[in-house]
Amino acid sequence: MCGIAGLIHKGKSANVGSEMTAMLQALKHRGPDSTGYAVYGEPKDGDYIMRLKVAEAEDMAKGRGITQILETRIREVEEIMAECGATVKDRQSATKYAHRYVLGHDGDEASIGEMAKMIEEIDGVEILSIGRGLELIKDLGDASVVAGLYGLNDFVGTHGIGHTRMATESDVDIKSAHPYWAFPYNDVSVVHNGQITNYWIMRREMERKGHRFMSNCDSELLAVYTAHNLANGISLEDSLRKSIGEIDGVFTYLVATKDQLGMAKDTMAAKPLVLYESDDLIAMASEEVAIRAILPEEIDTYDPYDEEVRVWQA
Amino acid sequence: MASVTDAELKEMSQDERAKALGMTTEQLTGKSLYIEFDPEATDRYTYPWAYDVDFNKRTEIDTDNLTTTEVNIAIRDKMKEGYGTIVLQNPRGKHSLGVGILNKLNLIIEGSCGYFGVGLIDGPNVRITGRVGWSCGENMMSGTIVIEKNAGSTFGAAMRGGDLVCRGSVGSRTGIDQKGGTIIVGGDTGALSGFMMQRGRMVVCGNAGKNLGDSMYDGMIFVGGEIKSLGVDAIEAELTDLDRHWLTRKLTQYGLMPDKGVDHFTKIVAGKQLWNYDNLEPSEKKLIL
Chain A
1 MCGIAGLIHK GKSANVGSEM TAMLQALKHR GPDSTGYAVY GEPKDGDYIM
51 RLKVAEAEDM AKGRGITQIL ETRIREVEEI MAECGATVKD RQSATKYAHR
101 YVLGHDGDEA SIGEMAKMIE EIDGVEILSI GRGLELIKDL GDASVVAGLY
151 GLNDFVGTHG IGHTRMATES DVDIKSAHPY WAFPYNDVSV VHNGQITNYW
201 IMRREMERKG HRFMSNCDSE LLAVYTAHNL ANGISLEDSL RKSIGEIDGV
251 FTYLVATKDQ LGMAKDTMAA KPLVLYESDD LIAMASEEVA IRAILPEEID
301 TYDPYDEEVR VWQA
Chain B
1001 MASVTDAELK EMSQDERAKA LGMTTEQLTG KSLYIEFDPE ATDRYTYPWA
1051 YDVDFNKRTE IDTDNLTTTE VNIAIRDKMK EGYGTIVLQN PRGKHSLGVG
1101 ILNKLNLIIE GSCGYFGVGL IDGPNVRITG RVGWSCGENM MSGTIVIEKN
1151 AGSTFGAAMR GGDLVCRGSV GSRTGIDQKG GTIIVGGDTG ALSGFMMQRG
1201 RMVVCGNAGK NLGDSMYDGM IFVGGEIKSL GVDAIEAELT DLDRHWLTRK
1251 LTQYGLMPDK GVDHFTKIVA GKQLWNYDNL EPSEKKLIL
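Pasting the structure below:
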């Protein structure tokens, strides 16, 4: 079933970490397997933030040897960073397998992308996100578990999207959890509720064009598809509109960039989304109960119709 | 019609029992048959186990810290105590509130409901001051539900009787599999509204999305605004004087009568080109409808 949620504050920052946690916890019944966040903070000093994992959560049960493997992987990651001219300004580790780096880098986005590709060549390593504002966190368990583990409740930013996953067509693991980063484009993330029926056709098409897939989850296609469109100079809004004609299946999905939040609904309007809009806040979720978790007072909400596309600016 | 007892019901034939319980017993002939509103139907609270409630006896339930199950049990407990007017406060999008009430009752929900609100009801009059999520009034048998704001998709799915009214706009697939009763929408409705409709009436004062009335078997849809497209086997029909009279009466009753009257409404019915069950045995027809 899965639950999705998103919010964007216009012209101000707020505690989007705790707001997203409240919304996602209210959607726990739609997907208890894993929870993910893509939250956007204020960029600092031109630094990049990289979130990566060097193993799956279940790998931790593989005994003493795993610690040494993880240390090796981290050392290799940091060697590549140094090779590519990135300076590690800070490193935090919520778990043994999930790490957050603050990187100084003078190169352009393309060189950051090249570094990302090299890092992902290390066995078992997946970059969850790179961006100046984006921080993508996902792990097994409900929102309160993930927020507690990663200290998300104090996160201040402008906007965010999130997902509670009920695994249906792929495994219960972090690589199949949402959100997906639109590799290798900075600050672009996607969450999705639905099923994509032309997944393999579209995936092969994207792979032929050189895009990488880390999982067998159909939702990853939307991230790759969005990345492909943005790389070809298509605006977020146009990419969302284009997807309605080119992606088959039933879906509602949200895309966030460094300063935008967008939504698209399939031609059948088969997957839910409830929207709340005010002058300074837009909030949306699979169910109204999630919006009420942050706005308990009486508010006006509505369901977007089939083929509806919206984009909001922070 | 007076109430009947459990013992009396047991003595009746199936046909008599159906009539006593307010069910339609019409023979399916392949032609449209509509049951007009019967003023006496307000007394048809004939479930032998129904609570004897007093509409003037009012109570409030604060749902803020209660689960859906606890709220619905509390409603029954209050009815058992004779309360005929129950107000639910702070629902905040909770799902499945007020489902399965088979009793006369004034239920007022101050705020918004989530999915499957007041479904499977038979008898109560419900007013919701906020919005409702998907599948509000699903399978309702009788009574009224009036929503002051918007509603989600599959509004009134498979409903069989009563009036389901949304003053705002509703989502997609409104009245999917509708088998009776009346759905009234003050604003717009989304795609595939009236999909596989089998009986009853739907009124949309605003616009309707694509594929309106797709594969409808029977029933009528009235649209005051624009129709994006008609579904398979849905056709436009002439608005009769009886339709105008009925629309005027219903829309006036719920304060949704347009200033310009009802002449501009478009009537949509089944083209009946997809009907393929006329060769079935009567018992099989009953299974279908």
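If you read the protein sequences in the order shown, they are chains A and B.
Just so you know, we're using this note's numbering here: the first sequence kicks off at 1 and counts up by one.
Just so you know, we're using this note's numbering here: the second sequence kicks off at 1001 and counts up by one.
Ideal Cβ positions, reconstructed from N, Cα and C, are used throughout, including at glycine.
Does residue i pass the burial test, meaning 16 or more other C-beta atoms within 10 Å, or should it be called exposed?
| i | result |
| --- | --- |
| residue 1182 of chain B | buried |
| residue 77 of chain A | buried |
| residue 1187 of chain B | buried |
| residue 232 of chain A | exposed |
| residue 1264 of chain B | exposed |
| residue 1222 of chain B | buried |
| residue 308 of chain A | buried |
| residue 1056 of chain B | exposed |
| residue 229 of chain A | buried |
| residue 128 of chain A | buried |
| residue 1048 of chain B | exposed |
| residue 79 of chain A | exposed |
| residue 1178 of chain B | buried |
| residue 1240 of chain B | exposed |
| residue 201 of chain A | exposed |
| residue 1161 of chain B | buried |
| residue 297 of chain A | exposed |
| residue 1232 of chain B | exposed |
Among the candidates the options, whose CA atom is the shortest distance from the CA of residue i?
| i | options | result |
| --- | --- | --- |
| residue 14 of chain A | A:33, A:42, A:37, A:23 | A:42 |
| residue 1087 of chain B | B:1238, B:1107, B:1103, B:1077 | B:1107 |
| residue 134 of chain A | A:162, A:304, A:54 | A:162 |
| residue 85 of chain A | A:104, A:96, A:94, A:72 | A:104 |
| residue 1080 of chain B | B:1193, B:1091, B:1059 | B:1059 |
| residue 179 of chain A | A:20, A:9, A:249 | A:20 |
| residue 172 of chain A | A:5, A:311, A:36, A:10 | A:36 |
| residue 1166 of chain B | B:1218, B:1255, B:1097, B:1084 | B:1255 |
| residue 132 of chain A | A:94, A:158, A:111, A:186 | A:186 |
| residue 1066 of chain B | B:1089, B:1175, B:1085, B:1053 | B:1089 |
| residue 277 of chain A | A:312, A:141, A:255, A:264 | A:312 |
| residue 285 of chain A | A:174, A:301, A:107 | A:301 |
| residue 1157 of chain B | B:1121, B:1128, B:1013 | B:1121 |
| residue 1 of chain A | A:255, A:244, A:219 | A:219 |
| residue 1201 of chain B | B:1211, B:1098, B:1164 | B:1164 |
| residue 1052 of chain B | B:1077, B:1197, B:1062 | B:1077 |
Answer yes or no: does any C-beta atom of chain A fall closer than 8 angstroms to that of residue i?
| i | result |
| --- | --- |
| residue 1072 of chain B | no |
| residue 1027 of chain B | Confidence in residue 1027 of chain B is poor, its pLDDT being 48 and thus under 50, which makes the residue's placement unreliable; the coordinate value appears in the next sentence. Not closer than 8 angstroms to any Cβ of chain A, the Cβ of residue 1027 of chain B fails to qualify, so no. |
| residue 1229 of chain B | no |
| residue 1112 of chain B | yes |
| residue 1092 of chain B | yes |
| residue 1039 of chain B | Interpretation of residue 1039 of chain B is limited by its pLDDT of 49, a score under 50 that renders its predicted location unreliable; no figure is taken from the coordinates. |
| residue 1268 of chain B | no |
Using the beta-carbon of each residue, which ones in chain B are nearer than 9 angstroms to residue i?
| i | result |
| --- | --- |
| residue 208 of chain A | Ordered by position in chain B, no residue passes the 9 angstroms Cβ test against residue 208 of chain A, which lies about 34 angstroms from the chain. |
| residue 320 of chain A | Because chain A spans 1 through 314 in this model, residue 320 of chain A falls outside it and cannot be assessed. |
| residue 269 of chain A | 1153, 1171, 1172, 1173, 1190, 1191, 1192, 1209 |
| residue 296 of chain A | 1064, 1090, 1092 |
Determine, using beta carbons only, whether residue i comes closer than 8 angstroms to chain B.
| i | result |
| --- | --- |
| residue 289 of chain A | yes |
| residue 32 of chain A | no |
| residue 306 of chain A | yes |
| residue 292 of chain A | yes |
| residue 303 of chain A | yes |
| residue 43 of chain A | no |
Anything in chain B within Cβ reach of residue i, meaning under 8 angstroms, just list it in chain order.
| i | result |
| --- | --- |
| residue 300 of chain A | 1131, 1149, 1150 |
Give the residues of chain B in contact with residue i, contact being defined as C-beta atoms less than 7 angstroms apart.
| i | result |
| --- | --- |
| residue 179 of chain A | Per Cβ cutoff of 7 angstroms: no residues; residue 179 of chain A is ~23 angstroms from chain B at best. |
Quick one: which chain A residues come within Cβ less than 8 angstroms of residue i?
| i | result |
| --- | --- |
| residue 1290 of chain B | Limits of chain B in this structure are 1001 at one end and 1289 at the other, which puts residue 1290 of chain B out of reach. |
Could you tell me which chain A residues have their CB closer than 9 angstroms to the CB of residue i, listed as they occur along the chain?
| i | result |
| --- | --- |
| residue 1134 of chain B | 272, 287, 303 |
- Query: In chain order, which beta strand (DSSP E) runs of at least 3 residues are fully inside the stretch 1137-1170 of chain B?
  - Reply: 1142-1147, 1163-1166
### Task
Could I get the ranges of all uninterrupted beta strand (DSSP E) runs contained in the stretch 38-79 of chain A, with 3 residues as the minimum, in chain order?
48-53
Note down, one range per segment and in chain order, each alpha helix (DSSP H) of at least 4 residues found wholly within the stretch 1228-1282 of chain B. 1241-1253
- Query: Which runs of the alpha helix (DSSP H) fall wholly inside the stretch 236-281 of chain A and span at least 4 residues, in chain order?
  - Reply: 236-246
Unbroken beta strand (DSSP E) runs of length 3 or more, entirely within the stretch 189-219 of chain A: which are they?
189-196
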